[in-house]
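Enquirer: I'd like to ask some things about the structure below.
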Amino acid sequence: MCSHKTKTRKKKSFFFATHTTMSQQPHLRLGSTAPDFKADTTNGPISFHEYIGDSWAILFSHLAARTSVCSTELSAFARLEPEFTKRGVKLLAISADPVEANSDWIDDMEDFSGSRVKFPIIADAERKVATLYDMIDHQDATNLDDKGLQLTIRAVFIIDPSKKIRLIMTYPASTGRNTAEVLRVLDSLQLVDKQKVITPINWVPGDDVLVHMGVPDDEARVLFPKYRAIKPYIRLTPLEKEDK
1 MCSHKTKTRK
11 KKSFFFATHT
21 TMSQQPHLRL
31 GSTAPDFKAD
41 TTNGPISFHE
51 YIGDSWAILF
61 SHLAARTSVC
71 STELSAFARL
81 EPEFTKRGVK
91 LLAISADPVE
101 ANSDWIDDME
111 DFSGSRVKFP
121 IIADAERKVA
131 TLYDMIDHQD
141 ATNLDDKGLQ
151 LTIRAVFIID
161 PSKKIRLIMT
171 YPASTGRNTA
181 EVLRVLDSLQ
191 LVDKQKVITP
201 INWVPGDDVL
211 VHMGVPDDEA
221 RVLFPKYRAI
231 KPYIRLTPLE
241 KEDK
């Protein structure tokens with residue numbers, strides 16, 4: 001006779017559940033549609049795609065409320081929010097805490113930085129959004145909350161009005177991001193969507209750009225009469241300033 005053994009079902013850990021969920025998700029790449037989600041935030045409940053509307057969006061993750069590096073980052077984004085708004089961009093942060101903790105954190109940041117965070121901070125205590133966007137930290141064993149759950153890396157997603165992911169930046173928990181670089185890349189993305197150009201290393205608005213390699217010389221002479229060819233494949237040109 002066959003013996004029947006009772007199997008004990010082990011409870012899945014958060015780490016296991018995270019990896020299981022991730023394996024079922026398509027890997028997010030440049031050009032992927034940004035996954036939609038619903039979440040509670042410091043500005044009330046949102047549906048992500050509805051929140052974006054016809055705007056650009058920047059979704060960026062933070063480890064937890066009242067942490068040092070995250071506080072400096074969020075304060076910097078708050079100071080620069082008018083610059084992002086001028087470019088048609090909506091900001092949305094994520095923190096692995098409940099809404100109340102994030103709201104208290106906003107008050108703290110205003111006290112020490114003088115800038116108030118007005119954009120929403122997602123309450124992602126269960127890491128649902130962080131898992132959806134592959135923001136969980138799998139390489140730093142010390143990056144845990146007080147319950148032993150993994151916190152996030154410092155991720156940045158720039159998403160265009162068609163909900164396509166145009167840029168992904170990932171930083172370790174130990175390294176703060178550079179808001180000037182986020183703005184610089186955003187300016188580049190918005191520029192190349194309008195004109196047949198690409199931007200070289202260390203480019204900032206006002207610098208010369210490169211004529212796109214797919215543009216033949218005769219068309220380039222019409223579009224960019226001041227362009228100069230350093231090599232056949234390196235064609236630099238100034239851009240006329242747009243009227244504000």
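Numbering of the sequence shown is given in full-length UniProt numbering, commencing with residue 1 and proceeding in unit increments.
A virtual CB, placed ideally from N, CA and C, is assigned to each residue, including glycine.
(1) Between which two residues does the beta strand (DSSP E) containing residue 157 stretch?
(2) Report buried or exposed for residue 62, applying the criterion of at least 16 other Cβ atoms within 10 angstroms of its Cβ.
(3) Suppose the cutoff is 6 angstroms on Cβ atoms and the five residues either side in sequence are ignored; what does the same chain contact list for residue 103 look like?
(4) Which residue from 105, 56, 110 and 100 puts its Cα closest to that of residue 79?
(5) Have a look at 76, 197, 161 and 150 and flag the residue whose alpha-carbon is nearest the alpha-carbon of residue 311.
(6) Quick one: give me the first and last residue of the beta strand (DSSP E) that residue 89 is part of.
(7) Name the DSSP beta bridge partners of residue 41, please?
(8) Look up residue 229 in the DSSP assignment and say whether it is helix, strand or coil.
(9) Taking its Cβ as the centre, do 16 or more other Cβ atoms sit within 10 Å of residue 59, making it buried, or is it exposed?
(10) Contact between the stretch 111-120 and the stretch 142-161 is defined here as three or more beta-carbon pairs at a separation below 8 angstroms; is this criterion met?
(11) Apart from the five residues just before and just after residue 49, which ones in its own chain have a Cβ nearer than 7 angstroms to its Cβ?
(12) Report the partner residues of residue 56 according to the DSSP bridge assignment.
(13) Between 112, 96 and 209, which has its C-alpha nearest residue 195's C-alpha?
(14) Could you check if residue 126 is buried or exposed, using at least 16 other CB atoms within 10 Å of its CB as the buried criterion?
(15) In the structure shown, what three-state DSSP assignment does residue 106 receive?
(16) Assuming contact is defined by CB atoms lying nearer than 8 angstroms, are residue 179 and residue 77 in contact in what I supplied?
(17) Run through the stretch 149-199 for me and flag every whole beta strand (DSSP E) of 3 or more residues, listed as ranges in chain order.
(18) Between the Cα of residue 108 and the Cα atoms of 67, 236, 83 and 139, which residue gives the shortest distance?
(19) What residues in its chain sit with their C-beta under 7 angstroms from that of residue 40, if we drop five residues either side in the sequence?
(20) Using only CA atoms, which one of 221, 150, 214 and 237 lies nearest to residue 206?
(21) Check whether the Cβ atoms of residue 165 and residue 31 lie closer than 8 angstroms to each other.
(22) Looking at residue 189 and residue 223, is the spacing between their C-beta atoms short of 8 angstroms?
Expert: According to the structure shown:
(1) Run containing residue 157: 154-159, per the beta strand (DSSP E) assignment.
(2) By the neighbour-count criterion, in which 16 or more other beta carbons inside 10 Å mark a residue as buried, residue 62 falls on the buried side.
(3) Within the same chain, residue 103 has close Cβ partners 42.
(4) Checked all of 105, 56, 110 and 100; the closest Cα to residue 79 is 110.
(5) Any question about residue 311 goes unanswered here, given that the chain covers just 1 to 244.
(6) Its beta strand (DSSP E) spans residues 89-95.
(7) Under the DSSP definition of a beta bridge, residue 41 partners with 122.
(8) Collapsing the DSSP output to three states places residue 229 in a strand.
(9) Burial call: buried.
(10) No, the stretch 111-120 is not in contact with the stretch 142-161.
(11) 36 and 163.
(12) Bridge partners of residue 56: 89.
(13) Comparing Cα-Cα distances from residue 195 to each of 112, 96 and 209, the minimum goes to 209.
(14) With fewer than 16 Cβ atoms within 10 Å of its Cβ, residue 126 is classed as exposed.
(15) If DSSP states are grouped into helix, strand and coil, residue 106 belongs with the helices.
(16) Cβ atoms of residue 179 and residue 77: closer than 8 angstroms.
(17) Within the stretch 149-199, the complete beta strand (DSSP E) runs of at least 3 residues are 154-159 and 165-171.
(18) Considering only alpha carbons, the answer is 67.
(19) Same-chain partners within the cutoff: 99 and 123.
(20) Cα-wise, what sits closest to residue 206 is 237.
(21) Taking a C-beta distance under 8 angstroms as the contact criterion, residue 165 and residue 31 qualify as a contact pair.
(22) One thing to note: residue 223 has its Cβ no nearer than 8 angstroms to the Cβ of residue 189.
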